[in-house]
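Residue numbers (my numbering), protein chains in the order written: chain A, 1 to 173; chain B, 174 to 510. Below is one structure, written out as structure tokens, with a few remarks after it.
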């Protein structure tokens, strides 16, 4: 076995048998003296990044029941039901329109793998990522978040980032 | 005639004290391992059990093990299987009685103290072989045989490392060896300076003894008999509940016993410069032992496991010749000086 000997420091390391063992011991000892990185979770909490994928929020007003999210979901964990209602014409003599009304919008977070495809694919900006993560449940069924629960998450959604090329409001780049 | 004149009462009291102290310290060592390993990995470790610093974690774990079912495999050799953990503990308990905590606080000061300790300590070899063979499990068998080969291989450097000290002290008694280290070696002014044997030229013996002790205790980096990535859990594979706990306790008590022996032989036992051995002796000796135990834990959480052939080659090709050379040099110097 050839040992590379380029500098004196390297030679020492390769000549002293078990030099690496003591290097390792020095490392563990240093780590031993340092403060642990543990966050005592229920007492103190880690603040996730603003754009963390914690939970998906739903804006019911923006949803048009187009079903794109449900169809793109790799886990099929989004359940949508809706019905159409007749809307009176906007002006007298006009044609009556139909509008879709959302009856049910459930996301099963027991199945969800947080890929975010539904958020990406929504053409009407009805789905958002929220960094909230504390929604564990004792029963699997409780992880099925309904329309109301998903709407509640909307309050925790951070402001969207400024569009590229547009002037930011604060004046700072 | 008072009660303390009865030899059996005295014996029972001594044994009881030794066992209680050993058990208590073994629990301390177990807790230390949990905490030290955690901090070496940037964790906190046990924290909530018992309120402060998770001090009750070891008791909680002991209780957990006590509740578990005591399984004995159908194909196991039941009597031997049941006996093995007790034999394992027995070896450690037999050793602990000769360790002197202070000039008077010693359960039994034998003239052949260290010889007896090494002989009694070897009983654990049989325990591991018993456990491995009686389990009726191929992994246990391989683990047990590995343990047998390992313990026999390292018994030699262990004994040879001790011989150097015995030559230098001229006695095998544990108290005698400790007192020999307290003799002033040279004088600065009128103050006699004594040195423990590790600083009197037995440093090689000390290193060999510690390496061999680690191998005797089947601890990383010498835990091939357990080798969980190859042998499930080696000879411990089929053990559960209270019997597994006994093996575990045996390991930690063994660490303590080996460290205490090393402290007595190489680090001056209950003597420390400027401290009265009669009063501070127990604290000094236990402190020295715990420092050595910490080093053992430190090794475990830093180093990887050796390969089986590396283990054997380390013992036979390096430690035994080195220990023999150490004996030769020590004996020569003893005669010449």
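Note that beta-carbon positions come from the ideal geometry of N, C-alpha and C, so glycine has one too.
CB contact flag (residue 338 of chain B, residue 378 of chain B, <9 Å): Mapped onto the second chain, residue 338 of chain B falls at position 165. Mapped onto the second chain, residue 378 of chain B falls at position 205. Yes, these two residues count as a Cβ contact at 9 Å.
6 Å CB neighbourhood of residue 481 of chain B in its chain, flanking five on each side removed: Start at 1 with the first residue of the second chain, and residue 481 of chain B comes out as number 308. Cβ contact annotation for residue 481 of chain B (same chain, cutoff 6 Å, sequence separation greater than five): 397, in chain order.
Distance between beta carbons of residue 442 of chain B and residue 458 of chain B, contact taken as under 8 Å: By one-based count along the second chain, residue 458 of chain B stands at place 285. By one-based count along the second chain, residue 442 of chain B stands at place 269. With a contact defined as Cβ atoms closer than 8 Å, residue 458 of chain B and residue 442 of chain B qualify at about 6 Å.
Residue range of the unbroken beta strand (DSSP E) whose run includes residue 400 of chain B: As a first step, residue 400 of chain B must be located in the second chain, where it is residue number 227. Under the DSSP assignment, residue 400 of chain B falls outside any beta strand (DSSP E); it carries neither an H nor an E label.
Residues that residue 84 of chain A bridges to, as DSSP identifies them: To locate residue 84 of chain A, count along the first chain from 1; it is residue 84. Per DSSP, the beta-bridge partners of residue 84 of chain A are A:100.
Per DSSP, cross-strand counterpart(s) of residue 129 of chain A: Your numbering for residue 129 of chain A matches position 129 in the first chain. A:56.
Residue environment, residue 172 of chain A, which counts as buried when at least 16 other CB atoms sit within 10 Å: Your numbering for residue 172 of chain A matches position 172 in the first chain. Only weak support is given to the placement of residue 172 of chain A: the predicted model assigns it a pLDDT of 48, under 50, and the question is left unresolved by the model.
Chain A contact for residue 348 of chain B (CB, 9 Å cutoff): The residue given as residue 348 of chain B occupies position 175 in the second chain. So, not an interface residue.
9 Å Cβ cutoff, residue 16 of chain A in contact with chain B: Working through the first chain from its first residue, we reach residue 16 of chain A at position 16. Residue 16 of chain A does not count as touching chain B.
Short CB-CB distance (under 9 Å) between residue 472 of chain B and chain A: One-based indexing of the second chain puts residue 472 of chain B at position 299. When Cβ-Cβ separations below 9 Å define contact, residue 472 of chain B makes contact with chain A.
As assigned by DSSP and simplified to three states, the class of residue 365 of chain B: Locating residue 365 of chain B in the second chain gives position 192, counting from the first residue. Three-state result, residue 365 of chain B: strand.
Boundaries of the alpha helix (DSSP H) in which residue 330 of chain B is found, first to last residue: For this step, residue 330 of chain B is matched to residue 157 along the second chain. Looking at the DSSP string, the run of the alpha helix (DSSP H) that includes residue 330 of chain B is 311-342.
Those residues which DSSP pairs with residue 448 of chain B across a bridge: Position 275 of the second chain, counted from the start, is the residue given in the question as residue 448 of chain B. Bridge partners of residue 448 of chain B according to DSSP: B:445.
Cβ pair residue 238 of chain B, residue 368 of chain B closer than 9 Å: To locate residue 238 of chain B, count along the second chain from 1; it is residue 65. To locate residue 368 of chain B, count along the second chain from 1; it is residue 195. Going by beta carbons, residue 238 of chain B and residue 368 of chain B fall outside the 9 Å limit.
Contacts around residue 305 of chain B, its chain only, beta-carbon distance under 7 Å, and the 5 residues preceding and following it disregarded: Here residue 305 of chain B corresponds to residue number 132 of the second chain, with the count starting at 1. Its chain contains 313, 314, 316, 317, 318, 320 and 408 as the residues whose beta carbon lies nearer than 7 Å to that of residue 305 of chain B, once the 5 sequence neighbours on both sides are disregarded; these appear in chain order.
Identified DSSP bridge partners for residue 79 of chain A: The count along the first chain starts at 1 and reaches residue 79 of chain A at position 79. According to DSSP, which records beta bridges pairwise, residue 79 of chain A is partnered with A:106.
Euclidean distance between Cα positions of residue 114 of chain B and residue 308 of chain B: Because chain B spans 174 through 510 in this model, residue 114 of chain B falls outside it and cannot be assessed.
Coarse secondary structure for residue 453 of chain B, derived from DSSP in three states: Numbered from 1 along the second chain, position 280 holds the residue referred to as residue 453 of chain B. Residue state, collapsed to three classes: helix.
Interface flag, residue 220 of chain B vs chain A, CB-CB below 9 Å: The residue given as residue 220 of chain B occupies position 47 in the second chain. It does: the Cβ of residue 220 of chain B has a partner Cβ on chain A nearer than 9 Å.
Beta-carbon proximity check, residue 400 of chain B vs residue 478 of chain B, cutoff 9 Å: Counted from its first residue, the second chain places residue 400 of chain B at position 227. Counted from its first residue, the second chain places residue 478 of chain B at position 305. Yes; because the gap between Cβ atoms is below 9 Å, this pair is in contact.
Min CB distance residue 149 of chain A to chain B below 9 Å: Locating residue 149 of chain A in the first chain gives position 149, where the first residue counts as 1. Not one chain B Cβ lies under 9 Å of residue 149 of chain A.
Proximity test, Cβ basis, 9 Å: residue 255 of chain B and chain A: In the second chain, the residue the question calls residue 255 of chain B occupies position 82. With respect to chain A, the C-beta atom of residue 255 of chain B has no partner C-beta closer than 9 Å.
Chain D contact residues for residue 182 of chain B, given Cβ-Cβ distances below 8 Å: Note that chain D does not occur in the displayed structure, where the protein chains are A and B.
Cα-Cα separation between residue 185 of chain A and residue 63 of chain A, rounded to whole angstroms: Given that chain A is displayed from residue 1 to residue 173, the structure contains no residue 185 of chain A and the question cannot be resolved.
Residue 128 of chain A beta carbon less than 9 Å from that of residue 57 of chain A: Taking the first chain and counting its residues from 1, the one referred to as residue 57 of chain A is at position 57. Taking the first chain and counting its residues from 1, the one referred to as residue 128 of chain A is at position 128. Taking C-beta atoms as the reference points, residue 57 of chain A and residue 128 of chain A count as a pair closer than 9 Å.
CB contact check: residue 476 of chain B to chain A, cutoff 9 Å: Looking up residue 476 of chain B in the second chain gives position 303. At a cut-off of 9 Å between beta carbons, residue 476 of chain B contacts chain A.
Nearest-angstrom Cα separation, counted from residue 491 of chain B out to residue 1 of chain A: On the first chain, residue 1 of chain A is found 1 positions in, with the first residue counted as 1. On the second chain, residue 491 of chain B is found 318 positions in, with the first residue counted as 1. Any reading at residue 1 of chain A is ruled out, since the residue's pLDDT is 48, under 50, leaving its predicted position unreliable.
Rounded separation between residue 232 of chain B and residue 47 of chain A - CA only: Numbered from its first residue, the second chain carries residue 232 of chain B at position 59. Numbered from its first residue, the first chain carries residue 47 of chain A at position 47. Using only the alpha carbons, I get a separation of about 35 Å.
Within 9 Å of chain A by C-beta, residues of the stretch 205-239 of chain B in sequence order: Listed by position along the chain: 209, 211, 212, 213, 214, 215, 216, 217, 218 and 220.
Reduced DSSP category for residue 291 of chain B - H, G, I as helix; E, B as strand; rest coil: As a working mapping, residue 291 of chain B is identified with position 118 in the second chain. Under the three-state reduction of DSSP output, residue 291 of chain B falls in the helix class.
First through last residue of the alpha helix (DSSP H) which encompasses residue 354 of chain B: On the second chain, position 181 is the one that residue 354 of chain B refers to. Unbroken alpha helix (DSSP H) run through residue 354 of chain B: 347-355.
Buried or exposed (CB count within 10 angstroms, at least 16 for buried), residue 137 of chain A: As a position in the first chain, residue 137 of chain A is number 137, starting the count at 1. Its Cβ having fewer than 16 others within 10 Å, residue 137 of chain A is exposed.
Residue 403 of chain B versus residue 66 of chain A: straight-line alpha-carbon distance, rounded: As a working mapping, residue 403 of chain B is identified with position 230 in the second chain. As a working mapping, residue 66 of chain A is identified with position 66 in the first chain. The C-alpha of residue 403 of chain B lies about 55 Å from the C-alpha of residue 66 of chain A.
Between the CA atoms of residue 452 of chain B and residue 200 of chain B - distance to the nearest angstrom: Walking along the second chain from the start, residue 200 of chain B turns up at place 27. Walking along the second chain from the start, residue 452 of chain B turns up at place 279. Linking residue 200 of chain B to residue 452 of chain B through their CA atoms gives a straight-line distance of about 24 Å.
Helix, strand or coil at residue 359 of chain B according to DSSP, with G and I counted as helix: For the purposes of this step, residue 359 of chain B is taken as the residue at position 186 of the second chain. The answer is strand: DSSP assigns residue 359 of chain B an E or B state.
Helix, strand or coil at residue 215 of chain B according to DSSP, with G and I counted as helix: The residue given as residue 215 of chain B occupies position 42 in the second chain. Looking at residue 215 of chain B - three-state DSSP - the assignment turns out to be coil, as it is neither helix nor strand.
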